[in-house]
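Residue numbers (our numbering): 1 to 289. Cβ coordinates follow ideal geometry from the N, Cα and C atoms, glycine included. This report concerns only the one structure given below.
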Ligand code: NDP
C-alpha cells in the first residue's frame with residue numbers, strides 16, 4: 001500500500017494563517033533582516049521565498065545584499081548594527097557563506113534574542129538543557145511534521161541520518177528530549193552499514209544531502225520518513241534545467257513506509273514557517289519588554 005503523504009504545504013499554510021493572526025495583534029510589525037552574501041542561485045531562491053512568506057504574514061523584511069568578497073569584519077559590523085536596531089526582531093544570515101568568512105564567527109555575532117534561526121551557541125545550548133530558546137527552524141519543522149502525521153513519537157526509535165549543526169544534531173536532540181521521548185540513533189558518513197540502522201527506524205529523518213541515500217530495502221515496513229534533502233538534479237526538460245529531489249528514493253520507499261514527506265512540498269515550507277514563528281515570538285518578547 002502506498003504511504004500517506006505528509007503534506008508540508010498544507011501544514012505550513014495552516015500555521016502561517018495563525019502566525020499572520022498573531023502578527024495582526026501586535027502594535028509594531030515584526031521585522032526580519034535577511035543578509036545574503038554573493039549570488040549562489042539556491043541561496044537567492046531561499047531568500048526570495050523567505051521574504052515573500054514574511055510579507056504574506058504581515059511582517060517587514062529588510063534584505064541586505066552583500067558582494068561575495070565582503071570582509072568578515074564588515075559583515076559582523078552590519079550584524080552588530082542590526083542587533084541594536086529596534087525595528088528588527090530577527091536576523092538571518094543565509095548560509096553557506098564564502099570560504100574566506102568564518103561562518104561560526106558571523107553566527108556568534110548575532111544577538112541570541114534576535115537569532116530566529118536558532119543557530120547561536122546560546123540558543124543551541126538552551127535547547128540542549130530544555131530552557132526557553134529559538135529552536136532551529138528545520139528541526140522544529142521536522143518535529144511538527146511528525147506530530148502532524150499522527151504518529152506518537154514517545155518510545156519510538158528515531159534514526160537521524162546526518163549530524164550537521166543546523167539539521168541532524170538539533171533534530172536528534174529534540175527527538176530525544178523528555179517531551180518527545182524517542183530513542184534516537186544518529187548516523188553519518190562514518191556509519192558502517194547504514195541500512196542496518198535505518199531498517200530499525202520507526203521514524204527515519206534523512207538529512208545527508210545526497211540523492212538516493214535511502215532505498216526501499218533500507219526502510220522498515222510502516223515507518224514514517226522525513227526527507228530533508230534538497231538536491232538539484234540536472235533535467236533539460238525542465239524550464240530551470242533541473243528538478244528537485246530529496247535524499248530518499250520516494251517512489252520505492254512509499255511502497256514500504258506508512259507516511260513520507262515529498263520533496264518539494266515537505267520540510268521546505270515548514271522551515272520557512274518556523275522562521276516566521278520564531279520572528280513573531282521574538283517581536284512579542286521585544287514588545288513585552
Ligand atoms: P551537511 O552537508 O552539513 O550534512 C550532511 C550530513 O550527512 C553529514 O553529517 C554527513 O556526515 C552525513 N552524510 C552524508 N552522506 C552520508 C551517507 N552516505 N551516509 C550517512 N550519512 C551521510 O548538510 P545539512 O545538514 O546542512 O543539509 C542536509 C540536506 O538537507 C541538504 O540536502 C540540504 O540542502 C537540506 N536542507 C533542507 C532544508 C529544508 O528546509 N528543506 C534546510 C536545511 C538543509 P559527516 O558528518 O560524516 O560528513
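Residues near the ligand NDP, CB to any non-hydrogen atom under 6 Å, in chain order? 138, 161, 162, 163, 164, 166, 167, 168, 187, 188, 189, 190, 191, 194, 207, 208, 209, 210, 213, 228, 229, 230, 231, 267, 268 and 271
Out of 203, 195, 153 and 228, point me to the one whose CA is closest to residue 210's CA. Taking the first residue of the chain shown as 1, we reach residue 210 at position 210. Answer by Cα proximity: 228.
If you drop the 5 nearest sequence neighbours on each side, which residues of the same chain put their C-beta closer than 8 Å to that of residue 200? In the chain shown, the residue the question calls residue 200 occupies position 200. So the list reads 157, 159, 185 and 220, once near-sequence residues are dropped.
Please confirm if the region 253-266 is in contact with the region 34-45, defined as three or more CB-CB distances below 8 Å between the two stretches. no
Rounded C-alpha distance that separates residue 170 from residue 42: Taking the first residue of the chain shown as 1, we reach residue 170 at position 170. Taking the first residue of the chain shown as 1, we reach residue 42 at position 42. Between residue 170 and residue 42, the C-alpha separation is close to 23 Å.
Quick check: what's the CA-CA separation for residue 73 versus residue 106? Residue 73 sits at position 73 when you count from the first residue of the chain shown. Residue 106 sits at position 106 when you count from the first residue of the chain shown. Looking at the two C-alpha atoms, the distance is approximately 9 Å.
Under the DSSP definition of a beta bridge, which residues are partnered with residue 4? Counted from its first residue, the chain shown places residue 4 at position 4. The partner list for residue 4 (beta bridge, DSSP) reads 259.
Between the Cα of residue 57 and the Cα atoms of 266, 123, 14 and 23, which residue gives the shortest distance? Stepping through the chain shown from its first residue, residue 57 is reached at position 57. Comparing C-alpha distances from residue 57 to each of 266, 123, 14 and 23 shows the shortest one belongs to 23.
Which residue marks the beginning of the alpha helix (DSSP H) containing residue 197, and which one marks its end? By one-based count along the chain shown, residue 197 stands at place 197. First-last of the alpha helix (DSSP H) with residue 197: 194-198.
Can you name the start and end residues of the beta strand (DSSP E) that residue 37 belongs to? Counted from its first residue, the chain shown places residue 37 at position 37. Note, residue 37: beta strand (DSSP E), 31-37.
For a quick check, are the C-beta atoms of residue 139 and residue 174 less than 7 Å apart? Position 139 of the chain shown, counted from the first residue, corresponds to residue 139. Position 174 of the chain shown, counted from the first residue, corresponds to residue 174. Their beta carbons are under 7 Å apart, which means residue 139 touches residue 174 by this criterion.
Determine the burial state of residue 233: buried for a count of at least 16 other Cβ atoms within 10 Å of its Cβ, exposed for fewer. The residue labelled residue 233 in the question sits at position 233 within the chain shown. Residue 233 comes out exposed.
Residue 237 bridges to which residues according to DSSP? Against the chain shown, residue 237 aligns to sequence position 237. In DSSP, residue 237 forms no bridge with anything.
When you compare the region 269-277 with the region 9-16, are there three or more beta-carbon pairs, one atom per stretch, that lie closer than 8 Å? yes
Could you tell me the alpha carbon to alpha carbon distance between residue 129 and residue 281, rounded to whole angstroms? Walking along the chain shown from the start, residue 129 turns up at place 129. Walking along the chain shown from the start, residue 281 turns up at place 281. So the alpha carbons of these two residues sit roughly 20 Å apart.
Given this structure, state the Cα-to-Cα distance separating residue 99 from residue 275, to the nearest angstrom. Residue 99 sits at position 99 when you count from the first residue of the chain shown. Residue 275 sits at position 275 when you count from the first residue of the chain shown. Approximately 25 Å, taken between the alpha carbons.
Distance between beta carbons of residue 214 and residue 187, contact taken as under 8 Å: Sequence index remark: in the chain shown, residue 187 carries index 187 (1-based). Sequence index remark: in the chain shown, residue 214 carries index 214 (1-based). Approximately 11 Å separates the beta-carbon atoms of residue 187 and residue 214; this is outside 8 Å, ruling out the contact.
Considering just the uninterrupted stretch of the alpha helix (DSSP H) at residue 158, what are its terminal residues? Here residue 158 corresponds to residue number 158 of the chain shown, with the count starting at 1. Careful: residue 158 lies outside any alpha helix (DSSP H), inside the beta strand (DSSP E) at 157-161.
First through last residue of the beta strand (DSSP E) which encompasses residue 90: The count along the chain shown starts at 1 and reaches residue 90 at position 90. Element bounds for residue 90: 90-93.
Quick check: residue 153 and residue 182, are their CB atoms within less than 7 Å of each other? The residue you call residue 153 lines up with position 153 of the chain shown. The residue you call residue 182 lines up with position 182 of the chain shown. Their beta carbons are under 7 Å apart, which means residue 153 touches residue 182 by this criterion.
Tell me which residue opens and which closes the alpha helix (DSSP H) that residue 126 is part of. As a position in the chain shown, residue 126 is number 126, starting the count at 1. Where residue 126 is concerned, the enclosing alpha helix (DSSP H) stretches over 121-128.
Compare the C-alpha of residue 150 against each of 27, 251 and 223 and name the closest. Within the chain shown, residue 150 is the residue found at index 150, counting from 1. That would be 223, whose Cα lies nearest to the Cα of residue 150.
Compare the beta carbon distance of residue 245 and residue 26 with 7 Å and say whether it is the shorter of the two. Reading the chain shown from its first residue, position 245 is the one you call residue 245. Reading the chain shown from its first residue, position 26 is the one you call residue 26. No. Outside cutoff.
Cβ-based burial, residue 109 [other Cβ within 10 Å; buried from 16]: Counting from one through the chain shown, the residue named residue 109 turns up at place 109. Under this definition residue 109 is a buried residue.
Give me, in chain order, the residues of the same chain whose beta-carbon lies closer than 6 Å to that of residue 243; leave out the 5 immediate sequence neighbours on both sides. The count along the chain shown starts at 1 and reaches residue 243 at position 243. If you ignore the 5 residues before and after residue 243, its C-beta comes within less than 6 Å of the C-beta of 233 and 235, all in its own chain and listed in chain order.
Tell me whether the beta-carbon of residue 208 lies closer than 7 Å to the beta-carbon of residue 161. Residue mapping note: residue 208 aligns to position 208 of the chain shown, counting from 1. Residue mapping note: residue 161 aligns to position 161 of the chain shown, counting from 1. The answer is yes: Cβ separation under 7 Å.
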